[in-house]
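Below is one structure; the comments refer to it alone.
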Amino acid sequence: MDRTQRLLRSLTKDARLVEVGPSFNPLAPKRDGWNTFVIDHASRDDLVAKYKAHEGVDTTRIEEVDFVWQGGSLADAVPADQHGTFDAFIASHVIEHTTDVVTFLKAAETLIRPDGVIILAVPDKRKCFDFYRHPSTTGDALAAFLEKRSRHDTRTHFEFIMRTVHKGGAPGWHADDTREGIIAIPFEKAHEQLGLAALPEYVDAHNWIFVPSSFRLMLLELTAMGYLDLRVEEIAEAEATEFYAWLRRGREAMTPTELQAARRHLMDLTIVELSQQLRQLPVSLLGEDSAEAKVLDRIREADFRAEATQIVLAAVLASTGWRGLDRRKFQTLIAEASRSIPVSGPAAVQHLVLLEGARKVLGLASGA
31 MDRTQRLLRS
41 LTKDARLVEV
51 GPSFNPLAPK
61 RDGWNTFVID
71 HASRDDLVAK
81 YKAHEGVDTT
91 RIEEVDFVWQ
101 GGSLADAVPA
111 DQHGTFDAFI
121 ASHVIEHTTD
131 VVTFLKAAET
141 LIRPDGVIIL
151 AVPDKRKCFD
161 FYRHPSTTGD
171 ALAAFLEKRS
181 RHDTRTHFEF
191 IMRTVHKGGA
201 PGWHADDTRE
211 GIIAIPFEKA
221 HEQLGLAALP
231 EYVDAHNWIF
241 VPSSFRLMLL
251 ELTAMGYLDL
261 RVEEIAEAEA
271 TEFYAWLRRG
281 REAMTPTELQ
291 AARRHLMDLT
301 IVELSQQLRQ
311 LPVSLLGEDS
321 AEAKVLDRIR
331 EADFRAEATQ
341 IVLAAVLAST
351 GWRGLDRRKF
361 QTLIAEASRS
371 IPVSGPAAVQ
381 HLVLLEGARK
391 VLGLASGA
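The sequence shown maps to residues 31 to 398 in our numbering.
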């Protein structure tokens, strides 16, 4: 299943869709038979003119824009009689650019049907040029919403420009990529960023920074405070660059105690997810014989062990039906996972964990 199939898996071409900011790379293009309405910041003609000089951009993929958004809520760009009529609201690598994430998500709520779905592809800071930036918080979201922010502030422009990092010239990469990250802009340019927020025209930037659990936490807290009425149906990680989120209308009912426990759990998971960035740090950064390097190796090994255990559990779930465990399918899944693991370095421990886990599962399945 490719990326598009994965994101749109619950939809048919009869579904009424609204796609936000698809530019020259729509997920559900009209030309492929999707019943899609496009919201963008400019008309098709203007977008073609904008991207004409961009190398590698196929402007023929830019589709007719149905609703031109020129500020305020996205929902205001759509006639009121079409609010609540869309089966899905789709946005790939858009949410991170918004000045006000609360208003963005409230617009999505407004546009979809009661049983509709919000489908998002979101940059994962562990695997993209936001690597060195700190995750956004609910407090950040509330400040932007209550200030009715329509331009990125000085902090956003500074952080976006001065902490952007590339690996091999690429803006995104796999979670275990140990190539050195190259900071894109020399620090001598720092003062130039301070005036961007005061310009009359909008200057784009990555504003919202997430890992999957920090995104869940923000949604949970904003909904608990009454600013949104959404729940996370599912979040799935991609191999590189991003993660995917499917949201539905309607908050999850929780007691105050349950809410506190859920918040604490997501805070803990956010720390765990951020710790996975340690995989990408070269040991040479700390010195191979240093105490810090030895601690880092132990953390990496524990992280890889935990991931291998998750792989085994996922294989069990995928291989178990009403007749019990399909041993051949389970062994195939474990073998496929094993082939993708490096044979040296801290990740090599996963081979042992997969083997041990598989033996235990197969032994239990046979009654041994």
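Just so you know, even glycine gets a beta-carbon here, dropped at the ideal spot from N, CA and C. Keep in mind that this is a model prediction, so the values were computed, not measured.
| Asked | Found |
| --- | --- |
| Boundaries (first-last residue) of the alpha helix (DSSP H) holding residue 286 | 286-305 |
| Under the three-state DSSP convention, the category residue 153 falls into | strand |
| Residue 182 and residue 137 closer than 8 angstroms at C-beta | no |
| C-alpha gap between residue 391 and residue 346, whole angstroms | 8 angstroms |
| Runs of beta strand (DSSP E) wholly within the stretch 335-368 (minimum 3 residues, chain order) | none |
| Collapsed DSSP secondary structure at residue 165 in the structure displayed | coil |
| Residue 325 classed as buried or exposed, judged by whether at least 16 other C-beta atoms fall within 10 angstroms | exposed |
| Cβ-Cβ distance between residue 304 and residue 241 below 8 angstroms | yes |
| Buried versus exposed, by CB contacts within 10 Å (16 or more), residue 352 | exposed |
| Nearest-angstrom Cα separation, counted from residue 107 out to residue 67 | 12 angstroms |
| Buried or exposed (CB count within 10 angstroms, at least 16 for buried), residue 50 | buried |
| Where residue 242 falls: helix, strand or coil (DSSP) | helix |
| The stretch 245-257 touching the stretch 165-173, judged by at least three CB pairs closer than 8 angstroms | yes |
| Inter-residue CB distance, residue 192 and residue 212 (contact presumed, cutoff 8 angstroms) | So it is not a contact: roughly 13 angstroms between Cβ atoms. |
| For residue 93 and residue 60, the rounded distance between their alpha carbons | 7 angstroms |
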